[in-house]
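**Q**
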Amino acid sequence: MALATRYDETPSKLLPLPLKTIPQRPTFSVVVNGKTLRMTHSSKSASLRILDINGKEFYSQPSLSPNESISVQNFRPGIYLVGIPRFGIKKIIVR
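Position 72 of the sequence shown, counted from 1, bears residue number 63 in the numbering used here, the numbering being contiguous throughout.
1. Determine the DSSP secondary structure at I84, reduced to helix, strand or coil.
2. My parser needs the beta strand (DSSP E) runs of 3 or more residues fully inside the stretch 35 to 74; what are they?
3. Tell me which residues share the same chain as K81 and place their Cβ nearer than 6 Å to its Cβ, disregarding the 5 neighbours each side in the sequence.
4. Classify L6: buried if its beta carbon has 16 or more other beta carbons within 10 angstroms, exposed otherwise.
5. Compare the C-alpha of F19 against each of R67, V85, G79 and name the closest.
6. Nearest to I41 by CA position, among S62, P2, P9, R16, is which residue?
7. Which same chain residues, not among the five before or five after S51, have their C-beta less than 6 Å away from its C-beta?
8. What is the C-beta distance between L55 and S38, in whole angstroms, given that I count them as a contact (C-beta under 8 Å)?
In structure tokens form, the structure reads like this:
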């Protein structure tokens, strides 16, 4: 049995949604360039947490501007997780 409209049904028209009702997905990028961690995000302000690979909080900053740079010179070499609430988590490697 196929799924289709019956002969006595009239298909209803779909109403287009205005683009303003669909929220923009937040964006977040992290780049390690030498001993500098550069972060960009699409919010006016956000908080930042950096965790080591074991999940222990290594660094936090309560207010983060949309284009922020942090020195990773004092970080030990290893893998870290950079998280901004509502944006997600990114993995970085410090050498």
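Quick reminder that beta carbons are idealized off the backbone N, C-alpha and C, glycines included.
These numbers were taken from a predicted model, which means no experiment stands behind them.
**A** Once the coordinates are examined:
1. Taking the first residue of the sequence shown as 1, we reach residue 84 at position 93. DSSP, reduced to helix, strand and coil, places I84 within a strand of the structure shown.
2. Whole beta strand (DSSP E) segments, 3+ residues: 37 to 43, 48 to 55, 58 to 62.
3. Working through the sequence shown from its first residue, we reach residue 81 at position 90. Setting aside the 5 residues that flank it on each side, K81 is surrounded in the same chain by V21, V73, each with a C-beta closer than 6 Å to its C-beta; the list follows chain order.
4. The count along the sequence shown starts at 1 and reaches residue 6 at position 15. An exposed status is given to L6, since fewer than 16 other beta-carbon atoms sit within 10 Å of its beta-carbon.
5. Numbered from its first residue, the sequence shown carries residue 19 at position 28. Of R67, V85, G79, the residue nearest in Cα terms is G79.
6. Taking the sequence shown and counting its residues from 1, one reaches residue 41 at position 50. For I41, the closest C-alpha among the options S62, P2, P9, R16 is that of S62.
7. Here residue 51 is taken as the residue at index 60 of the sequence shown, counted from 1. Cβ neighbours of S51 within its own chain (closer than 6 Å, five residues either side excluded): R40.
8. Along the sequence shown, one-based indexing puts residue 55 at 64. Along the sequence shown, one-based indexing puts residue 38 at 47. With a Cβ gap of about 6 Å, L55 and S38 count as contacting.
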